[in-house]
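Numbering (the UniProt record's numbering), first residue to last: 1 to 115.
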């Protein structure tokens, strides 16, 4: 009997760990607060890869089943975005940060809990 093994190589996935509070200066976090309630903030200058200076970040929220969520986002300053989660149920979500035209290696994945 001969067994076959298939391997799939994927780009590294970076998952943020939960932090308490809402001040990223204290936690050095890209996504905060975690757990979140109505809003979550994303600091694109703290993602674990370099975005080109002229690149527009792409921020997407995906539920645990892989469905893309239609989340309203507001740019607070040049590097910080606020996402409105108030219409969504409690649970774990995945936030994906990328930029238009950037390679897939320049993609950050952050797990967060919406309470």
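Don't be surprised by glycine CBs; every beta carbon is placed ideally from N, CA and C.
Taking a 10 Å sphere around the C-beta of residue 59, we find 16 or more other C-beta atoms and assign the residue as buried. In the structure shown, the three-state DSSP call for residue 45 is helix. The secondary-structure analysis by DSSP pairs residue 106 with nothing; it has no beta-bridge partner. A straight line joining the alpha-carbon of residue 108 with that of residue 86 spans about 23 Å. Beta-bridge partners of residue 113 (DSSP): 92.
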